[in-house]
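Counting from 5, one number per residue, gives the positions in the sequence shown under our numbering.
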Amino acid sequence: MLHSLLQFSPSQMKFQVTEIEFDFEMEDDEYPSDDYQKALRYDTIGQIWDADDEDHLVDKISDETGWCIKSIDYTVFIPGILS
């Protein structure tokens with residue numbers, strides 16, 4: 005196990021989103037429908053993302069969804085440690 009930790013590289017991190025809150029505020033005070041907001045949240049939670057760190061994770065999710073993130077919780081998986 006120590007050998008696996010020593011070989012660990014941040015670029016190998018996998019994050020599973022456990023909770024997320026998007027920033028759906030828009031300049032014209034209109035918001036996407038509740039159904040859209042729930043669907044986007046549902047589609048994101050549980051998904052596993054490859055990222056270098058938390059900032060990279062947030063950027064990747066924001067880029068893919070088109071929305072900024074207010075808050076996020078996740079679990080980090082390190083390949084080789086739990087297998």
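Beta carbons are placed, not taken as given, at the ideal position from N, Cα and C, and that holds for glycine. Owing to the predicted nature of the structure, the values given are computational and were not obtained by experimental measurement.
Whole-angstrom C-beta distance between residue j and residue i, which should lie under 8 Å
i: F19; j: I49; result: 12 Å between Cβ atoms; not a contact.
i: M17; j: I82; result: 7 Å
Start and end residues, alpha helix (DSSP H) containing residue i
i: D47; result: 38–48
i: E25; result: No alpha helix (DSSP H) contains E25, which is instead part of the beta strand (DSSP E) from 18–27.
i: D59; result: 58–69
Closest residue to residue i among the options (Cα-Cα distance)
i: D57; options: K42, E34, E23, Y78; result: Y78
i: M30; options: V62, G70, A55; result: G70
i: K42; options: F28, D33, D32, A55; result: F28
i: D47; options: V21, D59, D63; result: V21
Range of the contiguous beta strand (DSSP E) that encloses residue i
i: D77; result: 72–81
i: D54; result: 52–54
Distance CB(residue i)-CB(residue j) smaller than 9 Å
i: R45; j: E25; result: yes
i: S75; j: E23; result: yes
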